[in-house]
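>
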Amino acid sequence: MRVLVRPRLGPRFCLTLVLALIVLLPGAAAAQMTRVAGVVLSDDGKPVRGAAVVAAQDTTDVNNPRQTVSDEKGRFTLIGLPTGAWWLVASAPGFEPQRLGIRVRVLGAPPSYTMRLTRDPLWRPDALEDIDAAAIFRDMDRAEQAAKAGRHDEAITVYRSLLQKAPALTTLQAAIAGTQHDRGAHADAAATYRGFLAGEPDAHRARIHLAECLRETGDAAGAERELRLVIERAGTSPEGEAAALALRRLHQ
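In the working numbering, the protein residues as written are 1 to 252.
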C-alpha cells in the first residue's frame with residue numbers, strides 16, 4: 001500500500017506565498033504600501049531644508065493631496081501612494097516651485113527622485129533672516145502631525161503662530177485653509193483660500209480647493225467661476241485637467 005506524505009510547509013514558504021498573493025491579487029493592500037523618496041536641492045546643489053513636497057494625481061485625489069516636508073539634508077519620503085501616475089511639486093521660500101511627473105509601481109526597488117529648485121529672482125533674502133529655521137521646521141512638523149491626528153484647532157493655532165513669525169511663508173495660509181476644510185469649516189476655509197490667492201493668483205490647486213469649499217457651502221456658481229478660471233489659465237496642465245474634472249462632477 002502506498003503512503004502519501006504531505007510536504008510540510010515551512011514558515012518561509014508560507015510568508016513567500018502570502019507576499020505573492022498580496023502582490024498579485026487586485027485591490028490588495030500592496031497598493032497602499034508604496035514608498036516614494038527623494039531629495040530637494042537648490043540650483044547650486046545644496047540641500048533645501050523645509051521644502052514642501054506635494055504628491056497629487058492628475059484626475060483623482062484633487063482635494064486630498066499627499067504632502068511632506070524635506071529634512072535638514074533635503075530628503076523627503078511619501079508613503080502609501082496608490083500605483084499610477086502622480087505629480088510631485090516641491091516649493092520653498094526663495095525658490096520657484098518645481099513639478100515632476102512620476103509613475104508609482106508596486107514591484108521593484110522604491111524609486112528616488114531629485115528635485116532641483118531655481119532661486120526666485122524677486123525673493124528678498126532678508127525676508128527670513130531673523131527666523132530660526134530649525135524652530136519653524138519643528139513647528140511645521142508638529143502642526144502636520146496634529147492635523148493628521150484630527151486635532152485641527154491645534155494645527156491651525158500652530159500654523160497661525162508660524163505665519164506671524166514668518167509672514168513671507170505665505171503657503172502657510174493654504175495649510176490653514178486645508179486644515180479648516182478638513183475640520184468642516186468650509187466657509188472659513190474659503191475665506192482663507194481667497195486671502196492666499198490674493199497674493200498667489202496662479203496657485204491653481206489652491207483655487208481648485210477653494211471651488212470645493214464653495215460647492216460645499218452651496219455656492220455652485222462661485223465654484224464654477226473659480227474652476228473655469230483655472231481651466232483658462234492652466235490650460236492642459238495637470239491642474240487644468242483636474243479643474244475640468246471637478247467642473248464635470250459639479251454638474252453631475
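Note that CB positions come from ideal geometry on N, CA and C, so glycine has one too.
1. Spatial neighbours of V255 within its chain, please: CB distance less than 8 Å, with the 5 preceding and 5 following residues excluded, ordered by chain position.
2. Give the DSSP bridge partners of R119, in chain order.
3. Is the distance from the Cβ of T118 to the Cβ of Q98 below 9 Å?
4. Taking DSSP as the reference, what is the three-state secondary structure of S257?
5. Where does A85 land, buried or exposed, given buried means 16+ other C-beta within 10 angstroms?
6. Would you kindly work out how many angstroms separate the C-alpha atoms of A220 and E212, rounded to a whole number?
7. Expressed to the nearest angstrom, what Euclidean distance is found between the alpha-carbon atoms of E200 and V106?
8. Ignore the nearest five residues each way along the sequence and tell me which others in R160's own chain have a CB closer than 7 Å to its CB.
9. Considering only residues of the same chain and omitting the five flanking positions on each side of D153, which have a CB-CB separation below 6 Å?
10. Where does A29 land, buried or exposed, given buried means 16+ other C-beta within 10 angstroms?
11. Rounding to the nearest angstrom, what Cα-Cα distance links T114 and L227 in this structure?
12. Measuring CB to CB, does R215 end up less than 9 Å from A243?
13. On a Cα-Cα basis, can you pick out the residue from E224, L81, G218 and A92 that is closest to I102?
14. State the start and end residues of the unbroken alpha helix (DSSP H) segment that holds G222.
15. Just the Cα atoms here: how many angstroms apart are S237 and L88?
16. Is G74 buried or exposed, if buried means 16 or more other CB atoms sit within 10 Å of its CB?
17. Please name the residue in V48, D43, A37 and G45 whose C-alpha comes closest to that of Q67.
18. Determine the contact status of L41 and R151, defining contact as a CB-CB distance below 9 Å.
19. So, using beta-carbon positions, are V48 and F95 closer together than 9 Å?
20. Alpha carbon to alpha carbon, how far is S112 from R248? Give it in angstroms, no decimals.
21. Could you tell me which residues DSSP puts in a beta bridge with Y113?
22. Any idea what DSSP makes of L247, helix, strand or coil?
Reading off the structure:
1. Nothing can be reported for residue 255, as the shown portion of the chain is limited to 1 through 252.
2. F95
3. Yes, Cβ-Cβ distance for T118 and Q98 is below 9 Å.
4. Because the chain in this structure spans residues 1 to 252, residue 257 falls outside the shown range and cannot be described.
5. Flag for A85 reads exposed.
6. 9 Å
7. 36 Å
8. I176
9. Once the five neighbours on either side are set aside, D153 has no close Cβ partner at all.
10. At A29, the pLDDT of 39 sits below 50, so the modelled position is not reliable and the matter cannot be decided from this model.
11. T114 and L227: Cα-Cα distance of roughly 31 Å.
12. no
13. L81
14. A220 to A234
15. Near 13 Å, if we compare the C-alpha coordinates of L88 and S237.
16. The residue in question, G74, is buried, as its Cβ has 16 or more Cβ neighbours within 10 Å.
17. When each option's Cα is compared against that of Q67, the closest is A37.
18. no
19. yes
20. 35 Å
21. The partner list for Y113 (beta bridge, DSSP) reads G38.
22. helix
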